[in-house]
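Residue numbers (our numbering): 465 to 939. Even glycine gets a Cβ: it sits at the ideal position worked out from N, Cα and C. Inspection log for the structure reproduced underneath, given as structure tokens.
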């Protein structure tokens, strides 16, 4: 069997975080009743006219600047003509000839090292509606709430060679866009979607193979599986002496296989022409400068600052800055309690454990940094034990309770009275003669057993440091 190289380029669609749609004042809020966020403009009614949302342009320029693109200062919209039930106008307003951003790049890092992935262009466009396929009734129904939601489409060059590089590229894009506040980039809600253009060729060949485009990819796991599945499918075809057909394929995550949807269209198939209802966009140097000046600190800069300003290890800084929401929570909590490493530990260990257990997105963490800071102070001051602090944190995570009031209400404060603790420990020692003998015979585990018995006797409230001190004295 010949050796093959995979060649991958991505078209990444990102829904922008504007309150209203790109060409009308309808809400972009996710999850409304079907067809409730619609008007004559976004449902393509005759005689309706689009009006461009300025915020869309500013978000697109911000993403372009953050991905090292050249901004097109004289830009236009075009009509992309196609007929599909989720497209009420029978055309989509997009950009072909003069996209808003061009010739950019992002740096990715994988196990193989660092690499630049080039961005061919970023263009603005309106989203289509959503078709819902009912397999039981064998019908499809359409929801136009998403029709007209503003998108940017980020088109890469075919620079990626593996699923690992694709995921690294997508994570870099997602982090950058989230830090800018341009989108929440939630794959599960469709606010970030990736179409994978993939071909294979013999190692050493300069000529690209025939590519296919895979759609319906709404998780990093699905993207990785789809890449591997399509790579194997194309190699098997070539090994059998057959040709790969240029087509659009739909990935089925449940069956972990793809099937052909339609032959892959080229630009001429869409009969593009300049959008007659919208004037050109002229972006001045001053406008670009203002957008650039208002950009927040992005992840690479934040990563280095965390190590210098807070003295965090590289590992901590990387975990905390993977999500802007997590980074904001860390900074807000640290500002209150002035204990950066403690805050980092709570967020990386207990918080991330609960995120995983609850099958949540990090962006959905909603507890107050004030409450986490107070909990850390209570634990550090010995008001509560470490185990109690973990239990209280779980309540904070789920219900955002005020920790000090909760601790007092439920009688969870540490037992710090040495006389009271000594009486309890004497009872534990008297009840466990074998453990005492084992300890005197050099078995350290026996000491831990006696500590555990004491903690159980005090329902976890005993101050561990005082327990250790008294127990050693008694033994």
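By DSSP's assignment, residue 476 forms a beta bridge with 618 and 658. DSSP places residue 584 in the strand class (E or B) of the three-state scheme. In this structure, the alpha-carbon of residue 717 lies about 8 angstroms from that of residue 690. Counting along the chain, no beta strand (DSSP E) covers residue 773; the unbroken alpha helix (DSSP H) around it starts and ends at 763–773. Apart from the 5 residues on each side of it in sequence, residue 566 sits with its Cβ closer than 7 angstroms to the Cβ of 533, 534, 536 and 585 in its chain, given in chain order. Residue 597 is bridged by DSSP to 604. A distance of 8 angstroms or more separates the beta carbons of residue 478 and residue 752. Judged by pairs of C-beta atoms under 8 angstroms, the segment 758–770 touches the segment 632–643, as three or more such pairs exist. As the crow flies, the alpha-carbon of residue 696 is around 35 angstroms from that of residue 736.
Put simply, the backbone Cα of residue 650 is about 23 angstroms away from that of residue 814. Each of 531, 487 and 767 was checked against the Cα of residue 515, and the nearest Cα belongs to 487.
Contact annotation, residue 784 with residue 810: C-beta distance approximately 11 angstroms; criterion of less than 8 angstroms not satisfied. Secondary-structure assignment with DSSP links residue 544 through a beta bridge to 556. Sequence-distant partners of residue 722 (beyond 5 residues in either direction) whose C-beta falls short of 8 angstroms from its own C-beta, in its chain, are 678, 690, 693, 694, 697, 713, 714, 715 and 716. With respect to the 8 angstroms criterion, residue 867 and residue 909 are not classified as neighbours on the basis of their beta carbons. For residue 808, there is no enclosing beta strand (DSSP E); the residue is part of the alpha helix (DSSP H) that begins and ends at 804–809. Shortest Cα-Cα distance from residue 892 to any of 903, 872 and 918 involves 918. It is roughly 13 angstroms from the alpha-carbon of residue 819 to the alpha-carbon of residue 789. The alpha-carbon separation between residue 876 and residue 787 amounts to approximately 33 angstroms. Between residue 608 and residue 467, the CB-CB gap reaches or exceeds 8 angstroms. Under the 10 Å beta carbon count, residue 874 is surrounded by fewer than 16 other beta carbons and is classified as exposed. Annotation: the continuous alpha helix (DSSP H) that includes residue 931 extends over 928–938.
Boundaries of the alpha helix (DSSP H) around residue 909: 908–921. One thing to note: residue 557 has its Cβ no nearer than 8 angstroms to the Cβ of residue 601. Collapsing the DSSP output to three states places residue 689 in a helix. Excluding its 5 nearest sequence neighbours in each direction, residue 804 has C-beta neighbours in its own chain below 6 angstroms: 774 and 798, listed in chain order.
Selection 582, 830, 471 and 884 evaluated against residue 858 yields 830 as nearest (Cα-Cα). Boundaries around residue 790 are those of the alpha helix (DSSP H), 788–801, since no beta strand (DSSP E) includes it.
Around the CB of residue 853, 16 or more other CB atoms lie within 10 Å, so the residue is classed as buried. For residue 496, the secondary structure class from DSSP, reduced to helix, strand or coil, is coil. Residues 663, 664 and 665 of the same chain have their beta carbon placed closer than 6 angstroms to that of residue 673, with the five preceding and five following residues left out of the count. In the structure shown, the three-state DSSP call for residue 720 is coil. Using a 10 angstroms sphere on the CB of residue 808, the tally of other CB atoms reaches 16 or more, which defines it as buried. Taking C-beta atoms as the reference points, residue 474 and residue 659 count as a pair closer than 8 angstroms. When the five nearest sequence neighbours on each side are left out, the beta carbons in the same chain lying within less than 6 angstroms of the beta carbon of residue 605 are those of 596, in order along the chain.
With a cut-off of 8 angstroms on Cβ pairs, the segment 537–557 is not in contact with the segment 568–584, counting fewer than three such pairs.
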